[in-house]
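With my numbering applied, the sequence shown covers -8 to 63. Where a beta carbon is used, it is the ideal one built from N, C-alpha and C, also for glycine. What follows is one structure encoded as structure tokens, with my remarks underneath.
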Amino acid sequence: MARRYRGNMNGERYLANASPSKREVHDLDNENTNCQIDEIIQAGNDSPYNSLEAARRDGYDNCAYCIGGSTR
Ligand SMILES: [Zn+2]
């Protein structure tokens, strides 16, 4: 479990799942196996963010496993 340098990721702390059915942001420094980060990258839905605030501004919900406090 670590930051990724593949797909669209280049070491950013946050990865947002751009899949229209998901729309969640993950904290790679606190990753949980339930996040399925590698599956997101494999599907091409990974969107990199350096700040949680920026991801939230773009409409992503917090992942319940690695960030918590989901607004859904
Ligand atoms: Zn997560």
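- Residues close to ligand 1 by the beta carbon criterion (under 5 Å to any non-hydrogen atom) are, from first to last along the chain, His17, Cys26, Cys54, Tyr56 and Cys57.
- Exclusion of the five residues before and after Arg(-6) leaves Met0, Gly2, Glu3, Arg4, Leu19 and Asp20 as the residues of its chain whose Cβ lies within less than 8 Å of its Cβ.
- Close CB contacts of Ile31 within its chain, under the 6 Å cut and outside five residues either way in sequence, are with Asn8 and Asp37 (chain order).
- For Asp29, the enclosing alpha helix (DSSP H) starts and ends at Ile28 to Gln33.
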